[in-house]
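Structure record follows, encoded as structure tokens.
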Amino acid sequence: MSQHSILVVEDEHTLRRLLEYRLGKQYKVSTAANGEEAIERISEELPNLIISDIMMPKMDGFALQAALQERQETRAIPFIFLTAKADEASRLKGRRTGVDDYITKPFDIDQLLSRVERLLERTAIFQNQLDAKIGQDFSQKLMPKNLPLADGYRTFFHSAPKEHGGGDLFDWSEPKPGTFFITIGDVMGKGLQAKFYAFSFLGYVRSTLHTLLRTTTSPAEVMTRVNQVLMDDPPLEDTFASLLLLKWEPARNLVTYANAGHCRPVMVGPRGAEIVQHSDMILGLDPSAEFKDTSLVLQPGTSLITYTDGLLEQELKSGEQLGEEGILKYAATAYGKPDPVHTIINNVLADSSKSEYGDDILMFWLEREASRDRESVSQNPRWFSPFSEGAGSTNRGL
């Protein structure tokens, strides 16, 4: 049975029961004997489609349709009128007020079912297109328009959001010269809702960073506060997120990070690739969760790779997921290439069971160059804002 719900509004008892029976084989059906009853049913649960007679006591079909047009949450519900064969005036009036279709009495029930199916399909296509456009806008605001810079280092980034993917996010800031904070995260869920929560969640992370960096530069302390804020805020209290917060100090060749259940980073160098082991609990589960700082020294020619789970879960031709072992293999192969991130992305896709990735893909590569040991820093703080106009995904090496 379809998950779509249909409201039948018809004052004639026999016809109302017939429609309920036949439509009920394929859809979830509720009924009302007039417009007033229909308003009550709609206040309890919004239907995906309304089939309504025109001539009814108390509130007729036109009055019902006009009332629904006045409310934003009901304005877009598809509406089919049941009308008498000779009632051309009603047809013209309905077209002017936005009625989607008409069925002339007496009607063939199979014809009605066909019209209902076609209208629901058309509505779903429109909704998917709208969701994809909104999701694309959110995805662009969750990604950087540029990357952090430091002498003696190269950075590479790739983001490929799916129309109905999840809540991947990436952010960076330079609150004081020579100290960068880099955020990679994934808000649990799929589709537009996950992207919306990711957008809201990123705002919390940024505001927490702004506030706490006056007193601490510990990623673990910032992570603890983000977790508390997340669980104390009603709109986001049921939101779970993995988050990797990196503090990068190029002059010291040092990366200090806290990991809240995110994909474990990879260190890669001339001797191969290895997983950086430490990870704590994801955000949003335990208000008393504690997080730990882990420090990594980047030796000349060493790179740190961070990514989201869309890469880990990509299905290969063997039928298995890529997994961490696969990440290590492709990272080692990409080491030393002019654009290592795209080398990984393209090589994994070439070995995949499908011609595209099944989920959002995000990867950030931080590389200390082998031939340079001295770094200089800018003199002014820099804060990248994903909320500024024109922010979008970036695929480049700097």
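Okay, so the sequence shown: first residue is 442 according to the working numbering, each after it adds one. Note that the Cβ used here is the ideal one computed from N, Cα and C, for glycine as well. Bear in mind that the values here come from a model prediction, so they are computed numbers and not experimental data.
CB residue i to CB residue j, shorter than 7 Å?
| i | j | result |
| --- | --- | --- |
| E477 | V470 | no |
| I716 | G751 | no |
| S720 | R705 | yes |
| M708 | Y748 | no |
| S796 | E756 | no |
| E671 | G725 | Inspection of the sequence shows that residue 671 is occupied by Leu rather than by Glu. In contact: L671 and G725 (Cβ atoms closer than 7 Å). |
| S614 | D734 | no |
| W806 | F597 | yes |
| N694 | V738 | yes |
| V696 | L745 | yes |
| Y468 | H454 | no |
Quick one: what's residue i bridged to in DSSP?
| i | result |
| --- | --- |
| E709 | A quick correction: the sequence has Val, not Glu, at residue 709. A714, S744, per the DSSP bridge assignment. |
| N700 | L685 |
| R595 | E808 |
| L448 | S471, I491 |
| D627 | D609, S683 |
| V738 | L695 |
| I723 | Bridge partners of I723: none, in fact. |
| Q762 | E756 |
| T620 | K617 |
| G507 | In the sequence as displayed, the identity of residue 507 is Ala instead of Gly. According to DSSP, which records beta bridges pairwise, A507 is partnered with nothing at all. |
| A601 | I802 |
| S793 | L757 |
| E478 | Partner(s): none; E478 has no beta bridge. |
| F732 | According to DSSP, which records beta bridges pairwise, F732 is partnered with nothing at all. |
| E662 | Partner(s): none; E662 has no beta bridge. |
Are there 16 or more other CB atoms within 10 angstroms of the CB of residue i, so buried, or fewer, so exposed?
| i | result |
| --- | --- |
| A479 | buried |
| I447 | buried |
| L687 | buried |
| A699 | buried |
| D609 | buried |
| D592 | exposed |
| T624 | buried |
| I550 | exposed |
| A565 | exposed |
| D800 | buried |
| S736 | exposed |
| R647 | buried |
| D599 | The residue asked about is misnamed: residue 599 is His in this sequence, not Asp. Buried, because 16 or more other Cβ atoms sit within 10 Å of the Cβ of H599. |
| R563 | exposed |
| P602 | buried |
| D612 | buried |
| R809 | buried |
| A473 | buried |
| T656 | exposed |
| E740 | The sequence given here has Gln at residue 740, not Glu. Counting Cβ neighbours within 10 Å, Q740 comes out exposed, since fewer than 16 surround it. |
| P728 | exposed |
| P885 | No answer is possible for residue 885: it lies beyond the span of the chain, which begins at 442 and ends at 839. |
Which residues in the same chain have their Cβ closer than 7 Å to the Cβ of residue i, if we skip the five residues on either side of it in sequence?
| i | result |
| --- | --- |
| D494 | V450, E451, D452, G502, L523 |
| L653 | E662, V663, R666 |
| A504 | G476 |
| I723 | F681, A682, S683, A701, G702 |
| L456 | none |
| P498 | D452, N475 |
| L553 | I544 |
| M500 | N475, G476, E477 |
| L650 | S614, F622, V663 |
| E690 | G619, T620 |
Spatial neighbours of residue i within its chain, please: C-beta separation below 8 Å, excluding the five flanking residues on both sides.
| i | result |
| --- | --- |
| L560 | L490, P519, I521, D541, D542 |
| Q718 | R705 |
| D792 | L757, K758 |
| L557 | In the sequence as presented, Leu is not what sits at residue 557; that position holds Val. Correct list, in chain order: I447, L464, Y468, L490, I492, I521. |
How close, in whole Å, do the beta carbons of residue i and residue j come, if the pair is a contact with beta carbons under 8 Å?
| i | j | result |
| --- | --- | --- |
| T743 | G710 | 4 Å |
| L840 | V782 | The first residue shown for the chain is 442 and the last is 839, placing residue 840 beyond what the model contains. |
| I785 | A772 | 6 Å |
| L844 | E514 | With the chain running from 442 to 839 in the structure shown, residue 844 is simply not present. |
| L753 | E765 | 7 Å |
Among the residues of its own chain, which have a CB less than 6 Å from the CB of residue i, if the five just before and after it don't count?
| i | result |
| --- | --- |
| L464 | I447, V470 |
| N668 | L724, A730 |
| F842 | For residue 842 there is no data in the structure shown, the boundaries of the chain being 442 and 839. |
| Y776 | V709 |
Given the structure, does residue i come close to the ligand ADP, in the sense that its CB is under 6 Å from one of the ligand's heavy atoms?
| i | result |
| --- | --- |
| V628 | The ligand ADP is absent from the structure shown, which contains no ligand whatsoever. |
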